[in-house]
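Protein chains in written order, with numbering that gives the first Met the number 0: chain A, 0 to 191; chain B, 0 to 539; chain C, 0 to 401. Beta carbons: idealized from backbone N, C-alpha and C, even for Gly.
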Amino acid sequence: MIEEKDIINVDEPELTAGERLYLPQIAGGMRTTLRHMFKKKITVQYPEQKRELRTENYRGVHRLNRDEQGRVACVACFMCQTACPAHCIHIVGAESPWEDREKYPVQFDIDELRCIYCGMCEEACPVDAIELTPEYDLVGRTREEMIFDKEKLLMVFDRTKETKPRKNPKITGYSGTGCADEHTVTERGEAH
Amino acid sequence: MAKITIDNQEIECRDGIPVLQAALEAGWDVPHYCYHPGLSVVASCRLCLMEMQLPHPKTREMGWAPKLFPSCQTPVKDGMVVRFDSGAVEQNQKACMEYFLLNHPLDCPVCDQAGECHLQDYSYKFGESESRMHDQKQVNPKKDIGPQTLLYSDRCVMCTRCVRFAEEVSGTEELCIVNRGGRAEIDIFPGIPLDNPMQGNVVDVCPVGALLDKDFLFKKRVWFLESGDSVCPGCSTGCAIRVDQSDNRVQRLKPRYNPGVNEWWMCDEGRFGWKYVHDVERVTRPRLRRGAEMETPAWESLGEIVRYRFEQQVDRHGAAKVAVLLSPMMACEEAWLLAKFVRELAPDATIATGFVPMVGEERCFPVGCNADDAKFVIRREKCPNGRGVELVAEHFGGSTCDFDGFVTKAGEGAFEAVWVVGGYSEEWVPKALATSLAKIEMLVVQDMFESALTGEAELVLPACAWVERDGSFVNHAGLIQPFERAINVPDGARRDGQYLFGLAGFEGLYSGARVRALMAEEMDAFREIAEAPRQPAHQH
Amino acid sequence: MDWLIEQLKDQLVFSVVLSLVVFAAIMTAVAYCIYFERKISAWMQDRVGPNRVGPLGLLQPMADGAKFLLKEDIIPAFVDKPLFVLAPAFALIMGLAGFAILPWGGMVDLDGDGVVDVMCQVADPGVGLLYLLAVGGMAVYGVVVGGWANNNKFAFLAAMRATAQMLSYEIPMALVILLVVMTTGQLGLDDIARSQMGEGNLWHVCHHPVAFFIMLVTLFAETNRTPFDMAEAEQELIGGYHTEYSALKFGLFFLGEYAHMIIGSGFVIVLFLGGWHLPWVSFLQPEATSVWAMLAKMSVFATKIAAFLFLFMWVRWTLPRFRFDQLMRLSWKGLLPVCLMLFAYVTVLLYLGRQTDLMWTLGGNGVLILLVLIVAGTMGVPVSGRQGNLSTLPWEGAVRAR
């Protein structure tokens, strides 16, 4: 509740006769712009020059991380698809062919044109499998080309793992029930 | 009606029900795993314990009992006083939840139950956010217990609902508990898989992700699903079901509570019997014969074409040569609209009721019981609305006949203009009918799949699957049950109801309720429509 | 060569040749205007500007032109087709029509025989200024017709705004032009330019600095340039009167706008800044009639125009857009009264025969500025926000009372 004493009424400032004519202000403004005309330019000549990026948190193209064995780290939990405000992620999950994993994505598509690069998918991912990389210069000739599938996203990981190492490579995914190894058990024990 | 007091609030409840049920119906969200209104009470999960006032054993004075009592096992008694909001009750819930989660793998991200899981819900609402368990979790194996069902033992809370279901409802008794105490787990007997026509229900009754349906496994996360309340078209029982769809595709069917019809259950035949809906072979476009050519007429011009051609036939051969075959796969509304249209064009037209597929015997559950004691019956009449189209045909009166009569008459050459409705998921046209109808001048076939008749037809109209339509079915006992549309029709098609609505001379958008209101003016049976009661959201 | 000069001695032939030359020059200039607009905006914002096409980006206008030509020319289904096609052409034609009477270089003696052969002007009707006003009045049609033909409510709104704005600012503009006419007693543009040259004559800007300034302001408004570019307010109107236009048609609107700027600058220069004249330079006097003098005069005139164009751009990248009520207030409550006062004062001077007396004219201007300052300083009308003298709205009573 806002109390009466906290309200401050602000009136328009009274203008002097000179200010009322606008002209001194206009002259002042024009002096400023003229001064800037001769200042040093700050343009970055993009393809030749490139800006330094903060690789840890720059939100560029996505990648799908691989675990130590080179398999896709994603467990197809659909959390990123759920969190995505632009509805640009499409996953098809299936039973994984691996002993130690329950579910994996047979198909994992991100429409990079539709994506707004908010990073919510990265936040939502329980196994840190999806991450946004510092890569930003992606181009394509067709819309289809800009829908990145699983292979393409894994390739982005291979390209960028040197510049941006995987955040938490320890979590490898939810193992198949009944086949849990020791470290995943403790990992889970901590949670909840 | 008994009156009991829960948390200082007096409520009225049905006699003889457990306190838990009364509390649930009155709106309390009481956590419970083992209790299911359709199964016997075992009071094993201890989550629903409440404080109760009992008479003192010696003085008979009413006073709070020193211990908590399972509310699922205590029947209501007039004047009873119980407390759900006390500290002791909360303490018990926390302790129970911690215990349930001791060995829980917490693999919610890959568990299909996530989103509709009562471990998640109760843990969030009644549990603690941290576990004090620091020992290694006990890992139970994942078991393939049947052709349709998987058992993830480590997610199990040992509520034994599935075991009781197999004993009490399906009566097949495949499931059991093996081992004792902390090592107890659900299992099947060696060599006897969980394979009975009702087994899908164990997945429904399981409050957690221990029993999962292989058919739906990893297909969709449940929060992407949107539901429509429907009625199963598999047989004349008319089970109330929920159609869960996403992206305009049916993902699964689940039973809805429907007292006196299917209670809480449905059979596997119905549960998995929707696959034909997404068959690519379906007829999705109208097809009109013009000379030797087949063409696709615009839906807008359809009414005109049909009317013109039928009128031509009536002029040429007389109104008695016109017939319509109403399929028991149609909704009552659609049958009524079609019959109305045909009778308006040709007042002497024959209204025939369609082919009723009969398969095997009535199957009563629990297995081995007789029909009177059955908790669930799978009927041999494999169509949802045999009674309904009969009702419509009776209402219009005049020249009516059943399917056999129709086939005979058609063989005798009694008809020149016929509108045949199919809509079956399987081949249904008898050879005799196909040959006799091939000779007539004007044949309209409204069906889902190509058949011997569609090849001969002047006009082929796509029939939609029941999930794409809305209307009502009348079950074997004469109960009229409405169902709503769950998904959109395939590209190019239109809802049967919609084009029949237009043909019958109405304007605007078809809806089952709208047509039922029109029918109610003529047919008493449609004055009151039975709708399955809605259960409290937190009851499962 | 001689034959050519003989031919050119005919005023008609000369006019045709001149108009062709001027047209080509103007079109190139317009294209480069866009280039400089972008460059200057970039410089003023500490950027580099277009620098990829050709050296220093100088081929950018060609690339832009090629793009306009090659882009898909969309005519939406819902537009008024004939008007839709006509409007951009109209905008450009009306922009270019004014060039016919610009005096580029005075009298010319082509063959050096001491006899003046032709006048370096496409046409010099005796009523040149009326022609100017007529063409200026027609210019609004490009915008209005464009906005109307769009069949888009936002574009229509833009067109309506533009109409109201142009009509409002045409009145002070006409009054200012009238001042010049009264001072010189001439209507032909060359005559007006000539009246500012020679012994004892000064550029009119010396006599009428306030009028010159008002002319400048109205010129900004008439050409739809910032801060008066109400017709293309992207924020409120999606695009403006040209929302539905694309490709070459859109380009024509652009060309029209810049052509308008050039011609407007030309007129201000003729009316107030002596046209091609520079004092104390012998070959820039009306007496110098050689071909070389003509070329020098033309380049001086062009340089003056270029300076004005820079001013246009400089202002555009400095000032924000007026709100529409502020814009209207400026015209009707600011410029118009001042113009009327000036008009009355010059009438009195004319009666006294003192219209070219520097002391009298400048003195009057000084008194006027002082008067305006006093009025503006004491009125206390808020410059922004709601107009002060509007009647109080019922639900505002409480707020106002405090």
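**Message:** I want to see whether chain A comes within less than 8 angstroms of V249/B, judged by CB atoms only; does it?
**Reply:** Interface flag for V249/B against chain A is unset, since no Cβ pair is found closer than 8 angstroms.
Problem set entry | In chain order, each beta strand (DSSP E) run of at least 3 residues that lies wholly inside the stretch 135-175 of chain B | Listed in chain order, the beta strand (DSSP E) elements of length 3 or more contained wholly in the stretch 135-175 of chain B are 141-143 and 148-151.
| request: Report the three-state DSSP secondary structure of W418/B (helix, strand or coil). | output: In the structure shown, W418/B sits in a strand (DSSP, three-state: E or B).
Assign M357/B to one of two classes, buried (16 or more other C-beta atoms within 10 Å of its C-beta) or exposed (fewer than that). By the C-beta density criterion, M357/B is exposed, having fewer than 16 other C-beta atoms within 10 angstroms.
* Contact check, L174/B vs V162/B, beta carbons under 8 angstroms -> In this structure, the beta-carbon distance from L174/B to V162/B falls below 8 angstroms.
Could you check the C-alpha separation between T355/C and E169/C for me, to the nearest Å?
Approximately 26 angstroms, taken between the alpha carbons.
If contacts are defined as beta-carbon pairs under 8 angstroms, then M441/B and A413/B qualify, I think. What distance do you get, rounded to the angstrom?
14 angstroms between Cβ atoms; not a contact.
query: Helix, strand or coil: how does DSSP classify A338/B here?
result: Of the three classes helix, strand and coil, the one that applies to A338/B here is helix, per DSSP.
Any chain B beta carbon closer than 8 angstroms to F107/A:
F107/A does not count as touching chain B.
Span of the alpha helix (DSSP H) around M0/C: Premise fails: M0/C is in no alpha helix (DSSP H) and is neither H nor E.
Problem set entry | Length-filtered (4 minimum) alpha helix (DSSP H) runs lying within the stretch 208-240 of chain C | Taken in chain order, the complete alpha helix (DSSP H) segments of 4 or more residues contained in the stretch 208-240 of chain C are 208-221 and 233-236.
Straight-line Cα distance separating C238/B from V282/B | Straight-line Cα distance between these residues: approximately 27 angstroms.
Under 8 angstroms: do the stretch 149-159 of chain B and the stretch 27-46 of chain B share three or more Cβ pairs, one atom per stretch? Judged by Cβ distances under 8 angstroms, the stretch 149-159 of chain B makes contact with the stretch 27-46 of chain B, as three or more pairs qualify.
Have a look at the DSSP bridge pairing and note the partners of K102/A.
K102/A pairs with E94/A.
Taking beta-carbon pairs under 7 angstroms, can you tell me which members of the stretch 91-121 of chain A lie near chain B? So the close ones are G92, A93, E94, E101 and K102.
Quiz item: Quick one: which chain A residues come within Cβ less than 8 angstroms of D243/B?
Solution: Ordered by position in chain A, no residue passes the 8 angstroms Cβ test against D243/B, which lies about 15 angstroms from the chain.
Given a threshold of 16 other Cβ atoms within 10 Å of its Cβ, counted over all protein chains shown, does D84/B qualify as buried or as exposed?
Residue environment for D84/B: exposed (fewer than 16 other C-beta atoms within 10 angstroms of its C-beta).
- In or out: A297/B buried (at least 16 other Cβ within 10 Å) or exposed? By the Cβ neighbour-count rule, A297/B is exposed, with fewer than 16 other Cβ atoms within 10 Å of its own.
Check your understanding: What does F217/B reach in chain A if we use C-beta pairs closer than 8 angstroms?
Key -> Neighbourhood of F217/B in chain A, by CB distance below 8 angstroms: A75, G92, A93, E94 and K102, in chain order.
Taking only beta-carbon positions, decide if V184/A is within less than 8 angstroms of chain B.
-> Confidence in V184/A is poor, its pLDDT being 39 and thus under 50, which makes the residue's placement unreliable; the coordinate value appears in the next sentence. Interface residue, yes.
Tell me which same chain residues have a C-beta within less than 7 angstroms of the C-beta of N414/C, skipping the five on either side of it?
No information on residue 414/C is available, as it lies outside the stretch 0 to 401 that chain C covers here.
**Local Cβ density within 10 Å of P319/C, reported as buried at 16 or more and exposed below that** = Label assigned to P319/C: exposed.
Note down, in chain order, all residues in the stretch 314-340 of chain C with a beta-carbon under 8 angstroms from any beta-carbon belonging to chain A. Interface annotation for the stretch 314-340 of chain C against chain A: V314, W316, T317 and L318, criterion Cβ-Cβ distance under 8 angstroms.
Margin query: Beta-carbon within less than 8 angstroms of M229/C's beta-carbon, same chain only, minus the 5 sequence neighbours each way: which residues are those?
Written below: Within the same chain, M229/C has close Cβ partners A157, R160, A161, Q164, N223, R320, F321, F323 and L326.
Sufficient close CB pairs (3 or more, under 8 angstroms) joining the stretch 218-231 of chain B to the stretch 188-207 of chain B:
These segments do not touch.
* Asked: From the DSSP output, which residues share a beta bridge with R62/A?
  -> R62/A is bridged to E130/A.
Cα separation between L431/C and F309/C? What is shown of chain C runs 0 to 401, which leaves residue 431/C out entirely.
#### Entry: Alpha-carbon to alpha-carbon, A531/B and G188/A
Low local confidence applies: a pLDDT of 40 at G188/A is under 50, so the model's placement there is unreliable, with the coordinate-based value given in what follows. Rounded to whole angstroms, the gap between the alpha carbons of G188/A and A531/B is 43 angstroms.
query: Secondary structure at I262/C, three-state DSSP: helix, strand or coil?
result: Reduced to three states, the DSSP call for I262/C is helix.
*Label T434/B either buried or exposed according to how many other C-beta atoms from any shown protein chain fall within 10 Å of its C-beta, with 16 as the threshold for buried.*
Exposed, because fewer than 16 other Cβ atoms sit within 10 Å of the Cβ of T434/B.
Requested in this report: Take V43/A and list the residues in its own chain whose beta-carbon comes closer than 7 angstroms to its own, dropping the five residues that flank it on each side.
Outcome: If the five residues before and after V43/A are omitted, its C-beta is found closer than 7 angstroms to the C-beta atoms of R50, all from its own chain and listed in chain order.
Using a Cβ-Cβ cut-off of 7 angstroms (strictly less than) and excluding sequence neighbours within five positions of V299/C, which residues of its own chain qualify? Listed in chain order, the non-local C-beta contacts of V299/C below 7 angstroms within the same chain comprise W275, L277 and L283, local neighbours out to five positions each way being set aside.
How far does the alpha helix (DSSP H) with D203/B in it reach, from first residue to last?
Element bounds for D203/B: N200 to V204.
- Query: In the DSSP assignment, what residue or residues form a beta bridge with T283/B?
  - Reply: For T283/B, which the question treats as bridged, DSSP gives no partner whatsoever.
Q. Which ranges does the beta strand (DSSP E) cover as unbroken runs of at least 3 residues, wholly within the stretch 228-284 of chain B, from first to last along the chain?
A. The qualifying runs are 239-245 and 248-254.
Taking the alpha-carbon positions, what's the P208/C to K39/A distance?
Rounded to the nearest angstrom, the two C-alpha atoms are 36 angstroms apart.
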